[in-house]
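Below is one structure, written out as structure tokens; the observations come after it.
2 protein chains.
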Amino acid sequence: MQESATTIAIAPDQPAPRLLEKAVVGAGARVGELAEADALIWTGKPRDFPSTLPASVRWAQLPAAGIEDFFDAGVFTAHPAVQFTSAAGAFSHSVAEHALMLLLAGVRYLPEQLRATSWQQREFFPHVGSLRGKTVTIVGAGGIGRALIPMLTPLGAHVIAVNRSGRPVSGDNIPAGVETVPTDQLARVWSHTDHVVVAAPATAQTRHLIGADELSRLKPSSWVINVARGSLIDTDALVDALTGNSIGGAGLDVTDPEPLPDGHPLWTLPNAIITPHDSNPPQLRLAAFADHVGANVARFVAGEPLEAIIDTARGY
Amino acid sequence: MQESATTIAIAPDQPAPRLLEKAVVGAGARVGELAEADALIWTGKPRDFPSTLPASVRWAQLPAAGIEDFFDAGVFTAHPAVQFTSAAGAFSHSVAEHALMLLLAGVRYLPEQLRATSWQQREFFPHVGSLRGKTVTIVGAGGIGRALIPMLTPLGAHVIAVNRSGRPVSGDNIPAGVETVPTDQLARVWSHTDHVVVAAPATAQTRHLIGADELSRLKPSSWVINVARGSLIDTDALVDALTGNSIGGAGLDVTDPEPLPDGHPLWTLPNAIITPHDSNPPQLRLAAFADHVGANVARFVAGEPLEAIIDTARGY
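Chains as they are written, first to last, in our numbering: chain A, 1 to 316; chain B, 317 to 632.
As structure tokens, this is what we get:
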């Protein structure tokens, strides 16, 4: 008796990325042509998405976390019988890991230590801090914030999550004891905040969410980390705080302006760490997408509900 | 009715460190004179330990994790009726956090990024890695290694712990899925190791545990972290590996020789991070000791078994 394996097409990239092929096969399906496929893993742009699909295709996996462009391109309305999934959640891990790296490097005084070319133990001792017992406020409790929380708590940090609703952050990996505060009450967290991680979306409301006033309420040991969008922090106010050492430092994967121009003071301030928006480089994105695809193909094969199902009527 | 509070003496530092007083009071006891004390928190040297103690003193907390010097000074035999506790475990957290910082900074290419004074996203992209899905071998599964494991697993790293016996590492915070390998089978871990953290004691057996042969089995992306003692790594072989880029890099809080002399190649190799044995600076040691004291005083007040009880006959 021949087994009729589930067939997954990968398009339009040809040859298909090997990591994706491995993920499909590892999840118990086979990679095949779109004409005979049960599902489609789409690696391309919204405007290139096939206008017609074989009737056998019941599921399409999209390569992005935010799928507004696919909605605008009419992809969902063109295929009312197909279930669509996004890559929501898949890309958060690497950005959260980057935020943790920046925070730890700052708190443990790595920038100055890296510049040293002689043994300065006594000089550095007083500056080496720890996250243990410290309160880290994460502004934005979306995918990145929620991925960061379980990385912080084993370090003994207390986490305050800030989101729009103030509804308690929850999830499989969210430990007990995380406090959630609504954005409109952000002002009351500063007095018991040691460090801030900015991980909220850029909107008109979040522009300069961290400005001179907020920075003035932080401690001389506080680090401010931004892995979201540069506009959430008032750069001039931040440069003032860093220059005056009124905060410990800033770790920025995103800047305003971005790219940060040559000669900008942030490049040479000793308490600023700049990484050029590389917290989620292409090779890590592909690996994370492959993990997501593998998990969803396994669910598809088993007839279980898929992850990150798109509400195609609402477009998210 | 007057409550007779448990009285804890702190000696010989006068005034007693405020953090210790706060820990005692926070745990429900009062700080008092040794003459009327139920227990003694000792902050001094072995040779200064009181030769006689009031009969009321039933417990003495020592300030060190390794208490050989107290044993050699005859402290335990002089006070056969007193229960002694060490600070074993208290100081591991900060060193483990430092190891994690060095590893993340290396894997995510921070040294080169920190030196940049212009936006080099495309240049840096291929070099930014992640611990997700990577295997970290921790050589030495004592306090530091065991503290590091639960910090690594939320990052999606697989952990191999290496200890003398090969007996599976276990404990409250040790997640399932940690593989334990005995030191004499260390050779078989290299083929599936991505990164190495050295956290084993320095003995004749562990000298140059990581030498030219071990380094040659690692990957061009592998980072080697040492937070134990410099002698565990063959420095010349490490410099060769770093110079030839046969490994990704090294993060060293300890060196051989130590202090690392001015002009040593490790100071200027772009893929080496040196911190001058400051992973556990005095202020963090005191804070950690205060946490330990607070936990033990609370147990003492409640009549529960204390943590880190010393076997005074054996001296550990």
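From the three backbone atoms N, C-alpha and C, an ideal C-beta is built for every residue, glycine too. As the structure is a prediction and not an experimental result, all values here were calculated from the model.
Cross-strand partners of residue i (DSSP beta bridge)
i, result
"Gly-567 of chain B", "B:Ile-541 and B:Ile-589"
"His-79 of chain A", "None; His-79 of chain A has no bridge partner."
"Ala-477 of chain B", "B:Ile-454 and B:Thr-496"
"His-195 of chain A", "A:Val-136"
"Phe-84 of chain A", "A:Ala-60"
"Leu-40 of chain A", "A:Ala-9 and A:Ala-60"
"Ile-549 of chain B", "B:Ile-526"
Spatially closest choice to residue i from the options, by CA coordinates
i, options, result
"Leu-40 of chain A", "A:Gln-14, A:Thr-7, A:Ala-23 and A:Arg-47", "A:Thr-7"
"Asn-163 of chain A", "A:Leu-152, A:Leu-186, A:Met-151 and A:Asn-173", "A:Leu-186"
"Ser-92 of chain A", "A:Ile-310, A:Phe-289, A:Arg-314 and A:Arg-299", "A:Phe-289"
"Pro-370 of chain B", "B:Ala-412, B:Asp-364 and B:Asp-354", "B:Asp-354"
"Ser-130 of chain A", "A:Leu-62, A:Thr-235 and A:Gly-156", "A:Gly-156"
"Gly-456 of chain B", "B:Ala-492, B:Ala-432, B:Thr-499 and B:Pro-597", "B:Thr-499"
"Val-128 of chain A", "A:Ile-67, A:Val-136 and A:Ser-222", "A:Ser-222"
"Leu-582 of chain B", "B:Ala-389, B:Leu-554 and B:Val-340", "B:Leu-554"
"Phe-124 of chain A", "B:Pro-597, B:Phe-365 and B:Pro-333", "B:Pro-597"
"Gln-120 of chain A", "B:Pro-536, B:Asp-594 and B:Arg-615", "B:Asp-594"
"Gln-283 of chain A", "A:Ala-9, A:Ala-5, A:Pro-17 and A:Ile-10", "A:Pro-17"
"Asp-627 of chain B", "B:Ala-618, B:Asp-364 and B:Phe-400", "B:Phe-400"
"Leu-110 of chain A", "B:Thr-368, B:Ala-327, B:His-608 and B:Gly-567", "B:Gly-567"
"Ala-406 of chain B", "B:Ala-611, B:Gly-619, B:Pro-517 and B:Arg-615", "B:Ala-611"
"Gly-244 of chain A", "A:Ala-212, A:Arg-146 and A:His-292", "A:Ala-212"
"Pro-46 of chain A", "A:Ser-56, A:Leu-62 and A:Ala-35", "A:Leu-62"
Under 7 Å from the C-beta of residue i: neighbouring residues of chain B
i, result
"Arg-100 of chain A", "According to the sequence as given, residue 100 of chain A is Leu; it is not Arg. Residues of chain B passing the Cβ test: Leu-420."
"Thr-135 of chain A", "Near Thr-135 of chain A there are no residues of chain B at all, since even the closest Cβ is about 15 Å away, more than 7 Å."
"Lys-114 of chain A", "One point to set straight first is that residue 114 of chain A is Leu, not Lys, in the sequence displayed. Within chain B, the residues near Leu-114 of chain A are Pro-427, Leu-430 and Ile-589."
CB-CB length for residue i against residue j, believed under 8 Å
i, j, result
"His-414 of chain B", "Asp-569 of chain B", "6 Å"
"Leu-104 of chain A", "Leu-420 of chain B", "6 Å"
"Val-227 of chain A", "Val-196 of chain A", "Incorrect: roughly 11 Å between the Cβ atoms, too far for contact."
"Asp-329 of chain B", "Gly-348 of chain B", "The Cβ separation is near 15 Å, so there is no contact."
"Trp-375 of chain B", "Leu-622 of chain B", "7 Å"
"Thr-255 of chain A", "Gly-230 of chain A", "4 Å"
"Ala-624 of chain B", "Ala-403 of chain B", "7 Å"
"Leu-576 of chain B", "Ile-590 of chain B", "6 Å"
"Val-297 of chain A", "Ala-65 of chain A", "18 Å between Cβ atoms; not a contact."
"Val-136 of chain A", "Asp-194 of chain A", "7 Å"
"Gly-564 of chain B", "Ala-515 of chain B", "Going by Cβ atoms, the distance from Gly-564 of chain B to Ala-515 of chain B rounds to 19 Å, so no, they are not a contact pair."
"Pro-154 of chain A", "Pro-484 of chain B", "With 8 Å as the limit, Pro-154 of chain A and Pro-484 of chain B do not qualify as a contact, their Cβ atoms being about 20 Å apart."
"Arg-108 of chain A", "Met-417 of chain B", "5 Å"
"Phe-49 of chain A", "Ala-73 of chain A", "7 Å"
Coil, strand or helix - residue i by DSSP
i, result
"Val-347 of chain B", "strand"
"Asp-99 of chain A", "The sequence as given places Ala at residue 99 of chain A; Asp does not occur at that position. If DSSP states are grouped into helix, strand and coil, Ala-99 of chain A belongs with the helices."
"Glu-179 of chain A", "strand"
"Gln-205 of chain A", "coil"
"Asn-296 of chain A", "helix"
"Met-317 of chain B", "For Met-317 of chain B, the pLDDT reaches just 38, beneath the cut-off of 50, and the residue's location in the model is therefore unreliable, leaving the point undetermined."
"Trp-59 of chain A", "strand"
"Thr-368 of chain B", "coil"
"Thr-268 of chain A", "coil"
"Val-107 of chain A", "helix"
"Ala-313 of chain A", "coil"
"Trp-119 of chain A", "coil"
"Ile-144 of chain A", "helix"
"Ile-174 of chain A", "coil"
"Ala-389 of chain B", "coil"
"Thr-559 of chain B", "helix"
"Thr-640 of chain B", "With chain B covering 317 to 632 only, the question about residue 640 of chain B has no answer from this structure."
"Leu-114 of chain A", "helix"
"Ala-606 of chain B", "helix"
"Pro-577 of chain B", "coil"
Residues that residue i contacts on chain B, provided the C-beta gap is smaller than 9 Å
i, result
"Val-128 of chain A", "Ser-410, His-414, Thr-591, Asp-594, Ser-595, Asn-596, Pro-597, Gln-599 and Leu-600"
"Phe-124 of chain A", "Thr-591, Pro-592, Asp-594 and Pro-597"
"Arg-132 of chain A", "His-409, Ser-410, Glu-413, Leu-600, Ala-603, Ala-604 and Asp-607"
"Pro-150 of chain A", "Pro-470"
"Arg-167 of chain A", "Within chain B, no residue comes near Arg-167 of chain A; the closest Cβ sits about 23 Å away, beyond 9 Å."
Closer than 7 Å at the beta carbon, the chain A residues around residue i
i, result
"Leu-576 of chain B", "Trp-119"
"Arg-633 of chain B", "Here chain B has residues from 317 to 632 only, and residue 633 of chain B is not among them."
Per-residue contacts from residue i into chain A (C-beta, under 9 Å)
i, result
"Leu-336 of chain B", "Near Leu-336 of chain B there are no residues of chain A at all, since even the closest Cβ is about 15 Å away, more than 9 Å."
"Arg-462 of chain B", "Going along chain A, no residue has its Cβ under 9 Å from Arg-462 of chain B, so there is no contact; the nearest lies around 12 Å."
Within chain C, the residues that residue i reaches when beta carbons sit closer than 7 Å
i, result
"Thr-584 of chain B", "Here chain C cannot be found, since the structure's protein chains are A and B."
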